[in-house]
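Q:
Numbering (my numbering), first residue to last: 10 to 632.
#1: Buried or exposed: where does residue 335 fall if 16 or more other Cβ atoms within 10 Å of its Cβ makes it buried?
#2: With a threshold of 8 Å, are at least 3 pairs of Cβ atoms found where one atom belongs to the segment 385 to 404 and the other to the segment 356 to 364?
#3: Have a look at residue 309 and residue 331 and give me their C-alpha separation to the nearest angstrom.
#4: From what residue to what residue does the beta strand (DSSP E) around residue 306 run?
#5: Please confirm if the segment 618 to 625 is in contact with the segment 466 to 479, defined as three or more CB-CB distances below 8 Å between the two stretches.
#6: Mark residue 26 as exposed unless 16 or more other C-beta atoms lie within 10 angstroms of its C-beta, in which case mark it buried.
#7: Among 442, 544, 457 and 482, which one has its Cα closest to the Cα of residue 495?
#8: Where does the unbroken beta strand (DSSP E) through residue 536 begin, and where does it stop?
#9: State the beta-bridge partners of residue 575 as determined by DSSP.
#10: Does the separation of the CB atoms of residue 404 and residue 535 fall below 8 Å?
#11: Just grab the DSSP bridge partners of residue 414 for me.
#12: What is the DSSP secondary structure of residue 44, counted as helix, strand or coil?
#13: Given residue 288, which residues of its chain have a CB within under 8 Å of its CB, disregarding the five upstream and five downstream residues?
#14: Which residues bound the beta strand (DSSP E) around residue 330?
#15: Could you give the distance in angstroms between the alpha-carbon of residue 58 and the alpha-carbon of residue 384?
#16: Just verifying my parser: in three-state terms, what is the DSSP assignment at residue 340?
#17: For chain D, is any of its Cβ atoms less than 8 Å away from the one on residue 463?
#18: CA-CA distance, residue 150 and residue 156?
#19: Determine the contact status of residue 134 and residue 219, defining contact as a CB-CB distance below 8 Å.
#20: Only counting runs of 4 or more residues, tell me where the alpha helix (DSSP H) segments fall wholly within the segment 115 to 184, in order along the chain.
#21: To the nearest angstrom, report how far apart residue 407 and residue 569 are at their CA atoms.
#22: Hey, residue 199 and residue 154: beta-carbon distance below 8 Å or not?
#23: Using the three-state DSSP reduction, which class does residue 28 fall into: helix, strand or coil?
#24: Which two residues bound the contiguous beta strand (DSSP E) that contains residue 503?
#25: Considering only the alpha carbon of each residue, which of 67, 244 and 242 lies closest to residue 318?
#26: Between residue 38 and residue 29, is the Cβ-Cβ spacing less than 8 Å?
#27: Measuring alpha carbon to alpha carbon, tell me which of 499, 509 and 539 ends up nearest residue 520.
#28: With distances taken from CA atoms, which of 185, 139 and 329 is nearest residue 552?
#29: Between the Cα of residue 432 and the Cα atoms of 370, 505 and 371, which residue gives the shortest distance?
#30: Span of the beta strand (DSSP E) holding residue 443?
#31: Who are the near neighbours of residue 41 in its chain, counting only those whose CB is closer than 7 Å to its CB and skipping five residues on each side?
#32: Considering residue 487, what are the terminal residues of the alpha helix (DSSP H) in which it resides?
#33: Which of the three DSSP states is assigned to residue 368 in this structure?
#34: Would you mind reading off the limits of the alpha helix (DSSP H) that contains residue 87?
#35: What does the alpha-carbon distance come out to for the pair residue 631 and residue 160?
#36: Can you say whether residue 585 is buried or exposed, counting buried as having 16 or more other CB atoms within 10 angstroms of its CB?
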């Protein structure tokens, strides 16, 4: 019987190891992919490592991660060791109560701890940034250190320190030369756990940071919103670094056995930590020169929505420093701004700009300081949410349409059915819906012949029934930005997508097409605005000009792939020899009377949000 069980045990062990390590291996392989695809290997290349090292924001986030992890580990280990020794000498009832209090942060959900720390810093009016993140990391790492050291202390003879002092040792010597060496394995274990917890943390860091300070977890989170294989490159680098550290730590005892007294584990670990710290600080910083030298511009923008050279070029030209925070929804941005967070530039979408204007949270732009409006395409100027461009200057623009596989979908079907093609049983199980309440209801309303800005509850309910029919009968896959890579690989017949993403998909796969239904669609625009509480208004105008001029607009559009509002850049990118030559998705449809810009209506938004939540429940039940 025993012999029969062994192969099963080995198989389970192999499967378990494969479950943990194959995704890491997959990530490392695709870090050397020559294309942007995260699922299709096109050829070997180190381009994403080059991009990673050239990306200052990524390198700064890695530096912040390492520095905070090292300092938090050192401080929490010191506090935890002293606390554990002190508790061991306390009364039983005190020790019991304190250990229960120590266990509470460990058992408490991270999100609760994160919100609590955030509210504490807000209440005390402590400006969030590097220091608040460091304090938070020390706070949540210390209980783990105490928990690691306490079992080792319990195993010691309680009279050990007294015996040492009876033999002539001072209290300090009894602590450092007797107690600490005996509990060193617990201290090292606690330090390693603290370092791992700090290095890996996302949730608490995300809530307590500010001022553009990001650790690696936050950086990867914002980058993951769009296709960027540099995520694989920097993750691989971290895996290699951690593997090297673990190998050295585990090999040290072997050398100590062979050469007793010649090697000190503590010194080796300290040396590694110092090397990592020095490496993190090795990033060069140059002195700034220019009209705005010494000034800082605070920008709040979408994740992965800025050209890779845009910020360095602006800083070099002006001498200013740009601190960019990133959001992943207009609503997230609104909450921060409504709570008094100070930024000089925001990049919200059309309907959110209208809301900010209605609530008097934006200031009018100084037209005398702007020299960029004449450079912009007429199609993106004077849109309904800001007819005179008094408050906003476009950043990117486009439409929402249908990306389709030419080998599976006929143009005749698209022209005949428009958005109703998402109800055509011919394509059952072969479609993507976009996980966006606004865009999904836009599609349904346009398919029914209604305005996407309707507030009529009867029409909204009809759109809801249309979406229910789709999810109940068509077996759609509801996705977000993963549609980009999936459609580039031709995994479905068609999907709802933003025109900028469709342009990238078509550039990667010539079998893909883009269609805008005759029933009309959403003509969207993300634009730069200046909040009422902005502190550096003149520099904000300089940034708006720079982003809108040829050099900045070209870097933005060529990197992100969305349509530039700059007329010259837009034409150059789409004409012969341009990056998107022959790709109709790059040039938005303009002047079509059935295309609309989203308007802000809070009551309608709530209705749509509730109805779309029911659609997603129905979709999950159907699957």
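Idealized CB from N, CA, C, for every residue including glycine. Only a predicted model underlies this, so the values are computations on that prediction, with no experimental measurement involved.
A: The structure says:
#1: Here residue 335 is taken as the residue at index 326 of the chain shown, counted from 1. In summary, residue 335 is buried, with 16 or more beta-carbon neighbours lying within 10 Å of its beta-carbon over all protein chains present.
#2: These segments touch.
#3: Stepping through the chain shown from its first residue, residue 309 is reached at position 300. Stepping through the chain shown from its first residue, residue 331 is reached at position 322. For residue 309 and residue 331, the distance between alpha carbons rounds to 11 Å.
#4: Here residue 306 corresponds to residue number 297 of the chain shown, with the count starting at 1. Boundaries of the beta strand (DSSP E) around residue 306: 305 to 311.
#5: In short, these stretches touch, since the Cβ pair count reaches three.
#6: In the chain shown, counting from the first residue as 1, residue 26 sits at position 17. That one is exposed.
#7: Taking the chain shown and counting its residues from 1, one reaches residue 495 at position 486. Per the C-alpha coordinates, the member of 442, 544, 457 and 482 positioned closest to residue 495 is 442.
#8: Residue 536 sits at position 527 when you count from the first residue of the chain shown. Judged by DSSP secondary structure, residue 536 falls within the beta strand (DSSP E) whose first and last residues are 532 to 537.
#9: By 1-based counting over the chain shown, the position of residue 575 is 566. Note: residue 575 sits in a beta bridge opposite 385.
#10: Against the chain shown, residue 404 aligns to sequence position 395. Against the chain shown, residue 535 aligns to sequence position 526. Cβ distance < 8 Å, so residue 404 and residue 535 count as in contact.
#11: On the chain shown, position 405 is the one that residue 414 refers to. DSSP, once it has assigned bridges, lists 521 as partnering residue 414.
#12: Taking the first residue of the chain shown as position 1, residue 44 is located at position 35. Coil.
#13: Against the chain shown, residue 288 aligns to sequence position 279. With a pLDDT of only 48 at residue 288, under 50, the local geometry of the prediction cannot be trusted, and the value read off the model is given with reservation. Within the same chain, residue 288 has close Cβ partners 75.
#14: Working through the chain shown from its first residue, we reach residue 330 at position 321. Run containing residue 330: 330 to 336, per the beta strand (DSSP E) assignment.
#15: Taking the first residue of the chain shown as position 1, residue 58 is located at position 49. Taking the first residue of the chain shown as position 1, residue 384 is located at position 375. Taken atom to atom, the span from the alpha-carbon of residue 58 to that of residue 384 is near 35 Å.
#16: Taking the first residue of the chain shown as position 1, residue 340 is located at position 331. Helix.
#17: In the structure shown, chain D does not exist; there is a single protein chain.
#18: Translated into the one-based positions of the chain shown, residue 150 becomes position 141. Translated into the one-based positions of the chain shown, residue 156 becomes position 147. Residue 150 and residue 156: Cα-Cα distance of roughly 10 Å.
#19: Stepping through the chain shown from its first residue, residue 134 is reached at position 125. Stepping through the chain shown from its first residue, residue 219 is reached at position 210. Their beta carbons are not under 8 Å apart, which means residue 134 does not touch residue 219 by this criterion.
#20: Listed in chain order, the alpha helix (DSSP H) runs fully inside the segment 115 to 184 are 119 to 132, 139 to 163 and 169 to 175, counting runs of at least 4 residues.
#21: Within the chain shown, the letter at position 398 stands for residue 407. Within the chain shown, the letter at position 560 stands for residue 569. Within the model, the alpha-carbon separation for residue 407 versus residue 569 is close to 13 Å.
#22: Working through the chain shown from its first residue, we reach residue 199 at position 190. Working through the chain shown from its first residue, we reach residue 154 at position 145. In contact: residue 199 and residue 154 (Cβ atoms closer than 8 Å).
#23: Along the chain shown, one-based indexing puts residue 28 at 19. In the structure shown, the three-state DSSP call for residue 28 is helix.
#24: Within the chain shown, residue 503 is the residue found at index 494, counting from 1. From DSSP, the beta strand (DSSP E) with residue 503 extends over 503 to 507.
#25: Counting from one through the chain shown, the residue named residue 318 turns up at place 309. Cα-wise, what sits closest to residue 318 is 67.
#26: Taking the first residue of the chain shown as position 1, residue 38 is located at position 29. Taking the first residue of the chain shown as position 1, residue 29 is located at position 20. Residue 38 is not a Cβ neighbour of residue 29, given a cutoff of 8 Å.
#27: Taking the chain shown and counting its residues from 1, the one referred to as residue 520 is at position 511. Of the candidates 499, 509 and 539, 499 places its Cα closest to the Cα of residue 520.
#28: Position 543 of the chain shown, counting from 1, holds the residue named residue 552. Minimum Cα distance to residue 552 is reached at 329.
#29: If you number the chain shown from 1, residue 432 lands on position 423. It is 505 whose Cα lies nearest to the Cα of residue 432.
#30: If you number the chain shown from 1, residue 443 lands on position 434. Per DSSP, residue 443 is one residue of the beta strand (DSSP E) stretching across 440 to 443.
#31: As a working mapping, residue 41 is identified with position 32 in the chain shown. So the qualifying residues of the chain are 53, 54 and 55.
#32: Here residue 487 is taken as the residue at index 478 of the chain shown, counted from 1. Run containing residue 487: none in the alpha helix (DSSP H); it sits in the beta strand (DSSP E), 486 to 488.
#33: Against the chain shown, residue 368 aligns to sequence position 359. Look at residue 368 here: in three-state DSSP terms it is coil, with no helix or strand label.
#34: As a working mapping, residue 87 is identified with position 78 in the chain shown. Counting along the chain, the alpha helix (DSSP H) containing residue 87 begins and ends at 65 to 97.
#35: The residue labelled residue 631 in the question sits at position 622 within the chain shown. The residue labelled residue 160 in the question sits at position 151 within the chain shown. Rounded to the nearest angstrom, the two C-alpha atoms are 51 Å apart.
#36: Taking the chain shown and counting its residues from 1, the one referred to as residue 585 is at position 576. By the C-beta density criterion, residue 585 is exposed, having fewer than 16 other C-beta atoms within 10 angstroms.
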